[in-house]
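Below is one structure, written out as structure tokens; the observations come after it.
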Amino acid sequence: MKAVVINKDDNGYRAEYKDLPESDIPSFKTDDKPDTEEVLVDVAHSTLNYKDALAITGKGPVVRTFPLVAGIDFAGTVSESNSGKFKVGDKVVLNGWSVGEKYWGGLAEKARVKPQWLVKLPDEFSTEQAMAIGTAGYTAMLCVMALEKQGVTPEDGEILVTGATGGVGSVAISILSKLGYDVVAMTGKMSDEPFLKELGATSIIDRAEYSGPGRPLAKERWAGAIDVVGSHTLANVCASTKYGGAVAACGLAGGMDLPASVAPFILRGVILAGVDSVMCPQPTREAAWQRLSQDLDVGKLAKLTTNIGLSEAIEYANKFMDGTVKGRFLVDVSK
Ligand code: NDP
21 MKAVVINKDD NGYRAEYKDL PESDIPSFKT DDKPDTEEVL VDVAHSTLNY KDALAITGKG
81 PVVRTFPLVA GIDFAGTVSE SNSGKFKVGD KVVLNGWSVG EKYWGGLAEK ARVKPQWLVK
141 LPDEFSTEQA MAIGTAGYTA MLCVMALEKQ GVTPEDGEIL VTGATGGVGS VAISILSKLG
201 YDVVAMTGKM SDEPFLKELG ATSIIDRAEY SGPGRPLAKE RWAGAIDVVG SHTLANVCAS
261 TKYGGAVAAC GLAGGMDLPA SVAPFILRGV ILAGVDSVMC PQPTREAAWQ RLSQDLDVGK
321 LAKLTTNIGL SEAIEYANKF MDGTVKGRFL VDVSK
């Protein structure tokens, strides 16, 4: 099978696109637990997420065991199963669970995983559409659900989405606009205003406004926000959120730190809701995939997706790291 394999040894850290025998894929069965349930999936599509780019380029400490097949997500068809949960022919999707970090991942023609990590692919989606959404899009849905959980409604006012042209940001804008929210897109690529408006943003602001240190409290503007950037941007987002508003934070594209004050939380009751897609409990991820099948316009999905082959994944991972890419990257593993 073809795969993107990451290695670290005396020759250094490297990612290679190469052929591997299927028998190389690690099994979860052990001598003392020979009946451990596992499922082999014929992967049809995977994607490139920010985390995959970190793993492939070695720019972030994502990969924890070597050699490892990259890819934190995939969609495909079950080809072998000793689990009652899935049978041969079932269409499935996987996001996270440390796949592509600690366990062999989806940037390959086949993947062997634990059944409890798989979600049945909603009937509304092809494997191609599911991976055009990918972990970035599923995380965008988790962020929207986090705002809803805090009671943010379209009537409350503007919602800010940072990192707007990226994977999480672009899908978040599409979902929020379909749900009737007034979405403001924050971006470093002001020339992409037509793209962002086509996705459903009502206005655009330059990310430079929030990229430096700000005041503990700023003018109240946002009813809610989805932040993928972290650092000063997240601090400024919180400082500008209206009384009782909520901010869903899922990313660190601008930095891992949070140079903020407690003022927005203790003086305005702002809620900072953390969002994690990797270990997210199964009922929440199933709900997120169900919501995506209702609340995401697949026509918009096509507009924000670039199709690439598995053989091109390494090249595109490097482009991710210089911040020049936009939207989602769908990987056809047969090419
Ligand atoms: P992308 O690379 O597709 O998008 C990130 C966007 O952030 C860029 O397109 C750019 O948008 C903006 N950006 C990049 N660098 C900077 C910077 N230095 N300062 C400010 N803005 C910047 O990544 P994804 O959308 O896939 O992921 C976004 C973040 O969310 C990542 O940090 C990722 O690790 C995280 N994530 C977390 C998950 C979780 O489970 N918590 C799951 C999925 C993603 P623009 O040019 O429009 O400003």
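Take any residue in the sequence shown, note its place counting from 1, add 20, and you have its number in the working numbering.
Note that CB positions come from ideal geometry on N, CA and C, so glycine has one too.
Coil, strand or helix - residue i by DSSP
i: Asn102; result: coil
i: Trp242; result: strand
i: Ala268; result: strand
i: Val318; result: helix
i: Asn256; result: helix
i: Phe340; result: helix
i: Ser197; result: helix
i: Phe94; result: strand
i: Val112; result: strand
i: Asp247; result: strand
i: Asp44; result: helix
i: Asp39; result: strand
i: Leu287; result: helix
i: Asp55; result: coil
i: Asp62; result: strand
i: Arg84; result: coil
i: Gly189; result: helix
i: Ala273; result: coil
i: Ala156; result: helix
i: Arg305; result: helix
i: Val5; result: In the structure displayed, the chain extends from 21 to 355; residue 5 sits before or after that span and is not available.
i: Lys217; result: helix
i: Leu292; result: strand
i: Lys169; result: helix
Inter-residue spacing [alpha-carbon to alpha-carbon] between residue i and residue j
i: Ala160; j: Val191; result: 6 Å
i: Ile246; j: Leu216; result: 15 Å
i: Ala35; j: Gly186; result: 23 Å
i: Asn256; j: Tyr230; result: 6 Å
i: Leu278; j: Gly234; result: 12 Å
i: Leu196; j: Val203; result: 7 Å
i: Val24; j: Ser331; result: 8 Å
i: Thr182; j: Gly275; result: 13 Å
i: Pro54; j: Lys105; result: 18 Å
i: Ser43; j: Arg348; result: 31 Å
i: Gly120; j: Ala268; result: 25 Å
i: Pro284; j: Ile224; result: 24 Å
i: Lys3; j: Lys198; result: Within the shown structure, residues of the chain are numbered from 21 to 355, placing residue 3 beyond reach of any answer.
i: Glu175; j: Cys163; result: 18 Å
i: Met341; j: Cys300; result: 26 Å
i: Asp29; j: Pro87; result: 9 Å
i: Ile291; j: Asp110; result: 40 Å
Counterpart residues of residue i in DSSP-defined beta bridges
i: Phe349; result: Leu68 and Thr326
i: Arg34; result: Asn27
i: Glu178; result: Asp202
i: Ile224; result: Ala205
i: Thr261; result: Trp242
i: Arg132; result: Leu60
Nearest-angstrom beta carbon gap, residue j and residue i [assumed within contact, 8 Å]
i: Ala238; j: Ala259; result: 4 Å
i: Ala166; j: Ala333; result: The pair is not a contact, with the Cβ atoms about 30 Å apart (cut-off 8 Å).
i: Pro46; j: Trp124; result: 6 Å
i: Val59; j: Ser103; result: 6 Å
i: Val98; j: Val112; result: 6 Å
Within 9 Å, strictly: CB atoms of residue i and residue j
i: Ser194; j: Leu324; result: yes
i: Val295; j: Met151; result: no
i: Cys270; j: Val353; result: no
i: Leu180; j: Gly220; result: no
i: Gly264; j: Gly289; result: yes
i: Glu128; j: Gly91; result: Reading off the sequence, residue 128 comes out as Ala, not Glu. Cβ atoms of Ala128 and Gly91: closer than 9 Å.
i: Glu57; j: Pro142; result: no
i: Thr67; j: Ala337; result: no
i: Thr155; j: Lys71; result: yes
i: Leu74; j: Phe94; result: no
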